[in-house]
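Comments concern the structure below.
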Ligand code: ADP
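In our numbering, the protein residues as written are 418 to 729.
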């Protein structure tokens, strides 16, 4: 009987902020939106320009004012976070529902800040240290438990700038080298028992909707697919599910890729990604992740909200 009272699925106008219309994730989102009867447009955030006027925020592209949208899916690359989140903020000011909010994306792009927020809320993490002055490094290394240690460039992505230092001497010299280049780094307990595997949990709303285990290649501890890792289906424990959902929630992300390591003391989060790639996870799990994201939008976006905004 519920079926009869189900309201018709709303037809939404959806913008995807992406520089790569041909990228797998962007194409899948376009496909899923179109299949479900929505109109969809891929917009390069770097080609948006804006006025910051009171009560009447606008976005222009190619000499024209952008049409109204009900929802915006940000797929903002790490290298364009600053401008991309400013554009997204403009959509938000116009009353468009953002799948992930600009503040949450900015937050997630700062690894150290993310870990501090997660730690404050009691989410399991590897022991992590951070120091500015070379003179403090030795003591800080003691704080995180000493070698072997993982040293990470704060600006790194896709495993680049993530180094395993197996001895105290190696750790000190790697840190010295990074500090000499004025790079910001964090130092982390090496979760050896993870065996070069991590688990990518795709969170949408308050559920893990897909998960895969990524295994590093031979002689490598980093399991990034870009680094030659391979992906397979994995069954999560309830604790792992709860950890991933909580991590996304703490970060304020509706859609997130939460990377978890299986440590002796339970799941520990190493990263929360606000623009998770869909290709690896759809391939490994066979799930229609793009379709699930659309359903989330249908549930949460309020059509035609843009028109009434700015009056009150
Ligand atoms: P990026 O953001 O560049 O992907 P990550 O912090 O996710 O960097 O690290 C890359 C990979 O290195 C992870 O997917 C994981 O396999 C491995 N790794 C990262 N941190 C640790 C750690 N503390 N202990 C063991 N392995 C780790």
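Note that the Cβ used here is the ideal one computed from N, Cα and C, for glycine as well.
DSSP puts residue i in a beta bridge; with which residues?
i, result
"residue 649", "630"
"residue 456", "430"
"residue 668", "Beta-bridge pairing links residue 668 to no other residue."
"residue 624", "621"
"residue 707", "In the DSSP output, where bridge partners are listed per residue, residue 707 has none listed."
"residue 679", "684"
By a C-beta neighbour count over all protein chains shown, 10 Å radius and 16 as the cutoff for buried, is residue i buried or exposed?
i, result
"residue 496", "exposed"
"residue 584", "exposed"
"residue 700", "exposed"
"residue 602", "buried"
"residue 543", "buried"
"residue 550", "exposed"
"residue 450", "buried"
"residue 590", "exposed"
"residue 641", "buried"
"residue 487", "buried"
"residue 654", "exposed"
"residue 446", "buried"
Could you give the distance in angstroms between the alpha-carbon of residue i and the alpha-carbon of residue j?
i, j, result
"residue 594", "residue 717", "48 Å"
"residue 467", "residue 432", "16 Å"
"residue 728", "residue 512", "Bear in mind that the predicted position of residue 728 carries a pLDDT of just 36, short of 50, making it unreliable; the figure below should be weighed with that in mind. Looking at the two C-alpha atoms, the distance is approximately 11 Å."
"residue 651", "residue 554", "38 Å"
"residue 725", "residue 547", "Residue confidence is low: residue 725 scores 40 on pLDDT, short of 50, so the model does not pin down where it sits. Its coordinate-derived value is still stated next. The straight-line gap from Cα to Cα measures roughly 47 Å."
"residue 517", "residue 586", "42 Å"
"residue 453", "residue 614", "36 Å"
"residue 639", "residue 563", "20 Å"
"residue 582", "residue 558", "11 Å"
"residue 458", "residue 696", "20 Å"
"residue 529", "residue 425", "44 Å"
"residue 687", "residue 499", "23 Å"
"residue 674", "residue 619", "5 Å"
"residue 665", "residue 647", "24 Å"
"residue 444", "residue 436", "12 Å"
Just confirm the distance between the C-beta atoms of residue i and residue j, as a whole number of angstroms; I'd bet it's less than 8 Å.
i, j, result
"residue 670", "residue 521", "5 Å"
"residue 706", "residue 608", "Contact flag wrong, Cβ pair sits at about 27 Å."
"residue 657", "residue 693", "The pair is not a contact, with the Cβ atoms about 16 Å apart (cut-off 8 Å)."
"residue 628", "residue 616", "6 Å"
"residue 462", "residue 434", "5 Å"
"residue 709", "residue 621", "5 Å"
Would the beta-carbon of residue i be found less than 7 Å away from any heavy atom of ligand 2?
i, result
"residue 567", "Annotation note on ligand 2: not contained in the displayed structure, which lists ligand 1 as its ligands."
Which runs of the alpha helix (DSSP H) fall wholly inside the stretch 512 to 591 and span at least 4 residues, in chain order?
-> 519 to 525, 528 to 537 and 554 to 560
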